[in-house]
Amino acid sequence: MSGPDLSQRKQATLVALGGASFVLGIVDVLFALPPASEGQRLLVMMLGNIALLVIGFRWLALDARELEIRRPTWLDVAIVLLAAIFVPYYLYKTRPQPRRLSAILACFGLVFGCMVLTALGAAVTANLGGI
112 MSGPDLSQRK
122 QATLVALGGA
132 SFVLGIVDVL
142 FALPPASEGQ
152 RLLVMMLGNI
162 ALLVIGFRWL
172 ALDARELEIR
182 RPTWLDVAIV
192 LLAAIFVPYY
202 LYKTRPQPRR
212 LSAILACFGL
222 VFGCMVLTAL
232 GAAVTANLGG
242 I
């Protein structure tokens with residue numbers, strides 16, 4: 112099953128990833144305030160990062176369905192443990208030669224964009240009186 116439906120769902124998943132990153136920045140600033148403890152802040156950040164991983168896995172599942180491939184279980188486990196290495200590996204293995212580098216660069220660009228959105232969410236919250 113491929114076509115515009117899967118492409119649109121993949122795009123919506125990327126938008127959700129960006130939105131979740133922004134919200135994570137907001138929540139981080141809010142949990143830096145008293146009476147929240149450092150342990151609570153750490154727990155919230157861990158849960159937020161797990162949510163980002165789940166959203167990322169959703170994109171990978173849609174991508175695999177669009178390409179009509181099946182990821183091996185070992186690759187799923189490796190992505191959970193070392194996403195920064197194994198997501199580019201997945202992109203390298205599933206893209207034709209001329210598109211491999213651009214797909215990997217887009218992946219790292221997405222990671223950078225999520226970091227920027229998290230920082231932006233934190234900055235907006237801090238400037239609006241969060242801290």
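Just so we're on the same page, this note's numbering is the position in the sequence shown counted from 1, plus 111. Built from N, CA and C at the ideal position, the CB exists for glycine as well.
In this structure, Leu186 lies near Phe197, with their beta-carbon atoms less than 8 angstroms apart.
According to the DSSP assignment, Asn160 belongs to the alpha helix (DSSP H) that extends over 149-178. Look at Ala143 here: in three-state DSSP terms it is coil, with no helix or strand label. A direct Cα-to-Cα measurement between Asn238 and Pro183 gives close to 45 angstroms. One Cα belongs to Leu163, the other to Arg210, and the distance between them is close to 25 angstroms.
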